[in-house]
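Q: Shown below is the structure under consideration.
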Amino acid sequence: MNRQKIHTDPIHYNQLTKQVSPPSKLGQGLLRSFWVGGVICVLGQVIADVGTGLLKMSTTDGYCLTAIVLVFLTAVLTGIGVFDKIGQYAGAGSFVPITGFANAMVSPAVEFRREGMVLGLGAKLFTIAGPVLVYGISASVLVGIIYAILYH
Amino acid sequence: MVWQSMWMYLKVFVVGGALCAIGELLCLLTKLTPARILVAYILTGVALSAFGLYGPLVDFAGAGATVPLTGFGHSLCQGVIHGVQERGWIGAFCGGLTATAGGIAAAIFFGTIVALVSKPRMKGR
């Protein structure tokens, strides 16, 4: 490796990286996350339609079934190492849907299981899901209190 | 009937895909970590839902709006509001988790099972 050559001139360095990197990383990333995220949502809609149609659930229960089935599929795909590959390809397309929430729980739990059942698996399950729940639940309770004051 | 459901699935695909693409745009332009984007999404969902803006999107695009994490925030917020309407102020504390219990419990339960049965692997392999 010839380090000196790379560090010579920042403008030249930028030109070199532009030549080497793919034509439009932004466009490609957006397209990939769009179609994978869209397909995951369509799969979710199919599950909800099966729930409300065949299993005679209410609309709310249908979307609950969607969440449970997508979480289950993500957990299995994470366990066998396939979800990481989908994540590398699709970026936000895989982590913005509820599949990302599930993967964020399962992945560290698998990784840190060897550190023990309680402080390994049990605690690491919430490494990323923890903050999401903390701020989501806090914000919703705040909304509830304001709503109760205004309308009750 | 067939065209109607095809139209619905198209709306689900476009809205769900767009919400994900916005996340990718934030990821690429601002260098925010995925965890921060997830927190931002759930807070956005709670806020939009509190002002009554997210409900119409769910009516329009179904799972395209409920499956992304903003939909999770929407469920929390609507659960809290219904809780307050039915049970008074205590609903502010009970309603949100009641509405989202399915997804959270499933993630904990299946996560634990999978972590127990699968071998730990190195990340990025």
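Protein chains in written order, with our numbering: chain A, 337 to 488; chain B, 9 to 133.
For every residue, glycine included, the Cβ atom is placed at its ideal position computed from N, Cα and C.
#1: What residue does the alpha helix (DSSP H) around B/V88 start on, and which one ends it?
#2: One question on the structure: do A/L461 and B/G119 come within less than 8 Å of each other, judged by their Cβ atoms?
#3: Taking the alpha carbon of A/G417 as the point to measure from, which residue in A/S443, A/T396, A/F448 has its own alpha carbon closest?
#4: Using Cβ-Cβ distances below 8 Å, what residues of the region 467 to 481 of chain A are close to chain B?
#5: Would you report the Cα separation of A/E451 and A/A438, rounded to the nearest angstrom?
#6: Report the neighbours of B/V54 on chain A: residues whose CB is nearer than 7 Å to its CB, in chain order.
#7: Quick one: what's A/P433 bridged to in DSSP?
#8: Can you tell which of A/L478, A/I347, A/I464 has its C-alpha closest to the C-alpha of B/V47?
#9: Any C-beta of chain A sitting closer than 8 Å to the C-beta of B/V140?
#10: Taking only the alpha-carbon atoms, compute the straight-line gap between A/V386 and A/G398 and give it to the nearest angstrom.
#11: Relative to the C-alpha of B/T41, which residue among A/V382, A/Q351, A/V468 is closest?
#12: At the 8 Å Cβ level, is B/P42 part of the contact set with chain A, yes or no?
#13: Less than 8 Å between the CB atoms is what I'm expecting for B/A4 and B/V66, so what's the real figure, rounded?
#14: Between which two residues does the alpha helix (DSSP H) containing A/K361 stretch?
#15: Taking the C-alpha atoms as reference points, what is the distance between B/G96 and B/G103?
#16: With 8 Å as the threshold, decide whether the Cβ of B/T120 is near any Cβ in chain A.
#17: DSSP on B/F101, reduced to helix/strand/coil?
#18: Within the 8 Å Cβ cut-off, does A/A384 reach chain B?
#19: Does the Cβ-Cβ distance between B/V92 and A/Y483 come in under 8 Å?
A: In short:
#1: Segment 77 to 95, the alpha helix (DSSP H) holding B/V88.
#2: For the pair A/L461 and B/G119, the CB atoms are nearer than the 8 Å cut-off.
#3: Shortest Cα-Cα distance from A/G417 to any of A/S443, A/T396, A/F448 involves A/S443.
#4: Listed by position along the chain: P467, V468, L469, Y471, G472, I473, A475, S476, V477, V479, G480, I481.
#5: Going from the Cα of A/E451 to the Cα of A/A438 covers about 21 Å.
#6: Simply G472, A475, S476, V479.
#7: Per DSSP, B/P76.
#8: Residue A/I464 is the option with its Cα nearest to B/V47.
#9: Summary: the structure shown does not reach residue 140 of chain B, with chain B confined to residues 9 through 133, and so no result is reported for it.
#10: C-alpha separation (whole angstroms): 8 Å.
#11: It is A/V468 whose Cα lies nearest to the Cα of B/T41.
#12: Any Cβ of chain A closer than 8 Å to the Cβ of B/P42 would place that residue at the interface, and such an atom is present.
#13: The structure shown does not extend to residue 4 of chain B, since chain B is modelled only from 9 through 133, so no value can be given for it.
#14: Going by DSSP, A/K361 is part of the alpha helix (DSSP H) stretching over 361 to 389.
#15: Spanning the two alpha carbons is a distance of roughly 10 Å.
#16: The beta carbon of B/T120 falls within 8 Å of a beta carbon belonging to chain A, placing the residue at that interface.
#17: For B/F101, the secondary structure class from DSSP, reduced to helix, strand or coil, is helix.
#18: Output row for A/A384: interface = yes.
#19: Cβ distance < 8 Å, so B/V92 and A/Y483 count as in contact.
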